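Numbering (the numbering used here), first residue to last: 136 to 388.
Cβ coordinates follow ideal geometry from the N, Cα and C atoms, glycine included.
From a predicted model like this one, the values you see are computed outputs, not experimental measurements.
Before any comments, here is the structure.
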């Protein structure tokens, strides 16, 4: 495992003057007849690869996170696409994922096939990524489809307490089966204040892993956001943190 901590020390200022790239939204139907939406961001001229990012459970319409990450892709050979779950398209206020994530897996597989066809890409050119719930889905497809070159786990779910007041336990092996033996490149991004993935548990899981594993530890909670001592959300710091994370992700490829 390669372990880096520079994001903890990045000054919380704007790291880029790039504007959010243009994007188009594509609506398609899954085999079960449900509608999904893909936001496809413009990439640098000649971009030959794509990262498809599956979101978390919430149905927030257009989270800043994805625009900020896309900004940092602009001088790379990788475009960014963001998936919207069918349950969010159907019912943004009350939609919920399927019990075993079987629908969400179908959603992402449908998106992969659509993007591969429209952009003339092979699976070898499509990097899979997922945030929170999306990390479960992207990992499930990644472990079954050997042609995808690499995986990005953005704020994975690695620990929780069985009962209130008890210390959190490590659930990386249960949540991401076979990840421990993966030989392809895997990048993990974790916030030091993430209640769903304590950094110590993530590092415990990654200890002794090969150089194909890389972990980035940064400021922030499960959304990679920060608050002050009074609980006030820090907008500027959040934006700067996302841009730093984006820069590291796209320099990793």
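Check: What do you reckon, are the CB atoms on residue 186 and residue 263 nearer than 9 Å?; Outcome: yes
Check: What do you get for residue 399, buried or exposed, if any count of 16 or more other CB atoms within 10 angstroms of its CB means buried?; Outcome: The question about residue 399 has no answer here: the residues shown for the chain are numbered 136 through 388.
Check: Using the beta-carbon count (16 or more within 10 Å), is residue 313 buried or exposed?; Outcome: exposed
Check: Looking at residue 244 and residue 284, is the spacing between their C-beta atoms short of 9 Å?; Outcome: no
Check: Using DSSP with H/G/I as helix, E/B as strand and the rest coil, what is residue 336?; Outcome: helix
Check: Counting along the chain, where does the beta strand (DSSP E) carrying residue 375 start and finish?; Outcome: Looking at the DSSP string, residue 375 is not in any beta strand (DSSP E); the run it does join, the alpha helix (DSSP H), is 370–387.
Check: Excluding five sequence neighbours on each side, which residues of the same chain lie with their C-beta closer than 6 Å to the C-beta of residue 371?; Outcome: none
Check: Are the beta-carbon atoms belonging to residue 189 and residue 266 less than 9 Å from one another?; Outcome: yes
Check: Look at the alpha carbon of residue 220 and the alpha carbon of residue 345, and state the distance between them as a whole number of angstroms.; Outcome: 33 Å
Check: My output table needs one value for residue 201: the three-state DSSP class, helix, strand or coil.; Outcome: helix
Check: Quick one: give me the first and last residue of the beta strand (DSSP E) that residue 268 is part of.; Outcome: From DSSP, residue 268 is part of no beta strand (DSSP E) but of the alpha helix (DSSP H) over 268–279.
Check: How far does the alpha helix (DSSP H) with residue 308 in it reach, from first residue to last?; Outcome: 307–310
Check: For residue 213, which beta-bridge partners are listed by DSSP?; Outcome: 184
Check: Should the segment 287–296 be called in touch with the segment 316–324, which here means at least 3 C-beta pairs below 8 Å?; Outcome: yes
Check: Across which residues does DSSP place residue 353 in a beta bridge pair?; Outcome: 326
Check: Work out the CA separation of residue 252 and residue 282 for me, nearest whole Å.; Outcome: 16 Å
Check: Taking the straight line between their C-alpha atoms, what separation do you get for residue 168 and residue 160?; Outcome: 18 Å
Check: In whole angstroms, what separates the C-alpha of residue 381 from that of residue 203?; Outcome: 7 Å
Check: Do you know how far the Cα of residue 343 is from the Cα of residue 156?; Outcome: 39 Å
Check: Could you give the residue range of the alpha helix (DSSP H) that holds residue 241?; Outcome: 237–253
Check: Taking the beta carbon of residue 235 as the centre, do at least 16 other beta carbons fall within 10 Å, making it buried, or is it exposed?; Outcome: exposed
Check: Do you know whose CA, among 201, 179, 162, lies nearest residue 225's CA?; Outcome: 162
Check: Where do the ends of the beta strand (DSSP E) carrying residue 161 lie?; Outcome: 158–164
Check: What do you reckon, are the CB atoms on residue 305 and residue 339 nearer than 9 Å?; Outcome: yes
Check: I need the straight-line Cα distance from residue 352 to residue 327, nearest angstrom please.; Outcome: 7 Å
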